[in-house]
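See structure below.
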Amino acid sequence: MDWLKESVTVKLLFIGVLIIVLLIPSSLINNLISERAQRQDEMINDVSDKWSGGQLVAGPVLVIPYRKHIQKTDTANKVTRQDAMENLYILPDNLNIKAGLNTQILHRGIFDVAVYNSLVKVSGNFSKASLAGLSLTADQLVLDKARLIFSITDLKGLKNNPVIKAAGQTLTAEPVFNSTLLPGDGLQAAIDLSGTKDGEFTFDYNLDMKGSQELSFLHLGKTTDVQAGGSWASPSFDGRYLPDERTVDSGGFKSHWKILYYNRPFPQQWVDDNGLLNNEKKQADATFGIKLRLPVDQYQKTTRTSKYAILIVLLTFISLFLTEVIRKQSIHIFNYVLIAAAMIIYYLLLLSFSEQIGFNFAYLVASVATIGLIATFIASILKNRMAAVLFAFILSVFYTFIFVIIQLEDLALMVGSIALFIIVGVLMYFSRKINWDKQETIKADAAHS
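Numbers 88 to 536, taken from my numbering, label the letters of the sequence shown in order.
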């Protein structure tokens, strides 16, 4: 029985089982972090719904009705001709967009939501339709019944009714109900093109609107030229195309896209619309814009930190075990349990404080509190302050190592691999002194070292 108590192997088995058991509370901690992150998303969606959601600016599309001649033969072989109305859809030749974002942070409890006000200036021109390729003739077109259709994702974000200047006319937009032509909520304006030269004309209008989280654009022109800027210091350029030019500093950002229709998944003109522009895959291949990324996402960093929980507990237990063996002072397995509990509660401290003071300060507070608690407990067990100070230093190295890994992105894997290699080497060096049958003998003869 004494052999059982003194056996190093048995102690290691107990420690191994304890580490496996700790997977359960670690999993619960991860679930709690996910729940809080989901709660944050719910708050963001709630604020966005009340303010206005992320906006996708699409259009305009020119819709020209035309008469389609249909011949029918009755039972008496008599041929009759009927006219049915169909639509011709034309995309802009040049589409120019200028958007300025005035951003701010809205608070809902402990959560932050990025929102903006924006004046989006849209201008461009339509060229003559190529009717021969569609088997149409000019006399089939009903030019005086043409329409301009454009859309944004959330009409609630419009601050006034857009006024369109096109083909020498001033047009007022009306909402389009049950339209599947464009994504989002549609607007349309009737336009009489009977006085234009072959249907060619220019257009311009302003969208004074608000939104949240992101502002995107749909590439619909033969040439789409977009200039966007704002006061947000940490934008994320998202979508199918990155800007050709961009400047980001503490004062805000400026960006410029110029995209040709060779990369556009839509034809320049077509008939018999079947939701072509509203196709999710095609839309994704033609969408680009800006996301207002919050500088710090504490839940993402806390999740990454918690993934190292078992590694930190393992390294701590090994360090404590080596301290126990080298000093020939037995530490009861229940004390290991208490130390493990402190190290698991560490992540609750990190999560709760990060919601209030940010991740970096929360990491410092949780680390100092946990290291201080465990070091004080070790000092009371071993009756040796120097051993406790050394153990506190070891824990500090571990937590600093994890913090550095969390901050790194591209070099995280390499730095982590090198650090773990060094740790394994150090453990190999100290483990050679252990008698795996008892804790009694340790090869520590200074005269022979």
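Heads up, the beta-carbon is just placed ideally off N, CA and C, and yes, glycines get one too.
Runs of the alpha helix (DSSP H) spanning 4 or more residues and lying entirely within the stretch 375-414 occur at 385-393 and 396-414, in chain order. In the structure shown, residue 319 adopts coil according to DSSP, grouped into three states. Each of 385, 300 and 244 was checked against the Cα of residue 323, and the nearest Cα belongs to 300.
Residue state for residue 335 is assigned as strand, using DSSP reduced to three classes. Residue burial annotation: residue 148 is buried, with at least 16 other C-beta atoms found within 10 angstroms of its C-beta. Burial is judged here by how many other beta carbons sit within 10 angstroms of a residue's own beta carbon; residue 448 has fewer than 16 and is exposed. Nearest to residue 313 by C-alpha distance, out of 187, 488, 122 and 127, is 187. Nearest neighbour of residue 310 by Cα position, chosen from 278, 344 and 279, turns out to be 344. Residue environment analysis places residue 430 among the buried positions, since at least 16 neighbouring C-beta atoms fall within 10 angstroms of its C-beta. When rounded, the separation of the alpha-carbon atoms in residue 346 and residue 298 is 24 Å.
Pairing residue 361 with residue 396, the inter-Cα distance amounts to about 53 Å. DSSP, reduced to helix, strand and coil, places residue 139 outside both helices and strands of the structure shown, so it counts as coil. In this structure, residue 320 lies near residue 336, with their beta-carbon atoms less than 9 Å apart. By the C-beta density criterion, residue 241 is buried, having at least 16 other C-beta atoms within 10 angstroms. Counting every other CB atom within 10 Å of its CB across the protein chains shown gives residue 104 a total below 16, marking it as exposed. Take the alpha-carbon of residue 379 and the one of residue 350: they are about 26 Å apart. Spatial neighbours of residue 281 in its own chain (CB-CB distance under 7 Å, excluding positions within 5 residues in sequence) are listed in chain order as 230 and 231. About 13 Å separates the beta carbon of residue 245 from that of residue 263, a gap too long to meet the 8 Å contact definition. One alpha carbon belongs to residue 480, the other to residue 196, and they sit about 38 Å apart. One Cα belongs to residue 462, the other to residue 317, and the distance between them is close to 50 Å. Judged by DSSP in its simplified three-state form, residue 284 adopts strand. The three-state secondary structure of residue 300, taken from DSSP, is coil. In this structure the stretch 462-477 lies against the stretch 417-428, because at least three pairs of beta carbons, one per stretch, are closer than 8 Å. Ranked by Cα distance from residue 434, the options 106, 101, 114 and 212 are led by 114. Per DSSP, the continuous alpha helix (DSSP H) segment holding residue 459 begins and ends at 446-469. Our two residues, residue 507 and residue 209, have alpha carbons roughly 55 Å apart in a direct line. Minimum Cα-Cα distance from residue 178 among the listed residues 127, 118, 185 and 363 corresponds to 363.
When DSSP states are grouped into helix, strand and coil, residue 232 belongs to the helix group.
As a beta-bridge residue in DSSP terms, residue 258 pairs with 251. Shortest Cα-Cα distance from residue 213 to any of 408, 411, 356 and 406 involves 356. Burial state of residue 457 is buried, judged by a 10 Å Cβ sphere holding 16 or more other Cβ atoms.
DSSP lists 171 as the beta-bridge partner residues of residue 155.
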